[in-house]
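Protein chains in written order, with the working numbering: chain Z, 17 to 217; chain S, 38 to 132.
Rendered as structure tokens:
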């Protein structure tokens, strides 16, 4: 949660500077956010590669556990497609790209901004932040009505870190490993699925 | 655009390879974590600037927020229903 606030404050700081045009023009004209994205992807890759605990978790997993992130992927994509009917400005594929962020708002919003457009990028940022916040707030309710995987499903990629404590609290310690596994799989898949969907737009 | 996506994914895979090679070195992992945070801060800062200077977005901010909320509710509800089915058929009986 603290991390989200810091990230959001950087966004807001940029927003204010942009609104007031209190900026050197080179910063506006330069297209160096794509290079920053390259750097981020490289670092994210190293992060995944060096994360021995994650690889261990993935190795000791049985078939059944794979169904959890799969449910999140299928459910999220069907869910956003269904509600996109009510949104006149957003088509089917754009909705799926936003949904495929699975709560990983920093990476999904940046990728969508670079590869599709700023408006959808902002929608992805807000939507995926709301996903994390709602998970933190409503997991007790979700677990009561949708079973013990509910918090993990709602949290998506965040189930491995920011929303994990609340998931464990309401589903039990035995669900911690499933939460971490599902979160890791989704985190790794976000940079693959989001561009894949955008490719077909 | 396809080229950009291929470049981005290749860079990530390169990173994973290097990460696997580096292995368990807490100091490097820590530095990479800090740098990752800074890269995210920078990108979101730049996105903020892009949004702030984009009148089309600023004028429609309330509608953008609403669209984001609707998409989130769809994504969460869809996930919850699928996870409920998975729990009922594969997890609950096993316990």
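Heads up, the beta-carbon is just placed ideally off N, CA and C, and yes, glycines get one too.
Distance from the CA of residue 71/Z to the CA of residue 107/S, rounded to the nearest whole angstrom, comes to 35 angstroms. Rounded to whole angstroms, the separation of the alpha carbons of residue 65/S and residue 129/S is 42 angstroms.
Annotation: residue 63/Z to residue 56/S spans about 7 angstroms, alpha carbon to alpha carbon.
Any Cβ of chain Z closer than 9 angstroms to the Cβ of residue 64/S would place that residue at the interface, and such an atom is absent. The beta carbons of residue 49/Z and residue 72/S sit no closer together than 9 angstroms.
The DSSP assignment places complete alpha helix (DSSP H) segments of no fewer than 4 residues inside the stretch 53-131 of chain Z at 68-75, 79-99, 108-115, 121-131, in order along the chain.
Beta-carbon to beta-carbon, residue 165/Z and residue 84/Z are separated by about 6 angstroms, close enough to satisfy the 8 angstroms threshold. Residue 130/Z and residue 86/S have their C-alpha atoms roughly 14 angstroms apart. Taking 9 angstroms as the cut-off, the Cβ atoms of residue 116/Z and residue 28/Z do not count as close. Annotation: the continuous alpha helix (DSSP H) that includes residue 156/Z extends over 134-162. Between residue 69/S and residue 57/Z, the gap from beta carbon to beta carbon reaches 9 angstroms or more. Bounds of the alpha helix (DSSP H) holding residue 203/Z are 192-215. Annotation for residue 78/S: the continuous alpha helix (DSSP H) segment containing it runs 63-89.
Contact check for residue 95/S against residue 35/Z passes: the beta carbons are separated by less than 9 angstroms.
Under the 10 Å beta carbon count, residue 99/S is surrounded by fewer than 16 other beta carbons and is classified as exposed. For residue 125/S, the chain Z residues whose Cβ falls inside 8 angstroms of its Cβ are 163, in order along the chain.
Scanning its chain for C-beta atoms nearer than 6 angstroms, with the 5 sequence neighbours on each side dropped, one finds around residue 199/Z the residues 173, 175, 176, in chain order. In the three-state reduction of the DSSP assignment, residue 115/S falls in the helix class.
Identification of chain S residues near residue 35/Z by a Cβ-Cβ cut-off of 8 angstroms yields 89, 90, 95, ordered along the chain. Any Cβ of chain S closer than 9 angstroms to the Cβ of residue 107/Z would place that residue at the interface, and such an atom is absent. Cβ atoms of residue 168/Z and residue 183/Z come within 8 angstroms of each other, at about 6 angstroms.
Not one beta carbon of chain S lies nearer than 9 angstroms to the beta carbon of residue 124/Z. Proximity of chain S to residue 30/Z at the Cβ level (cut-off 9 angstroms) is accounted for by 81, 82, 83, 84, 85, 86, 87, 88, 89, in chain order.
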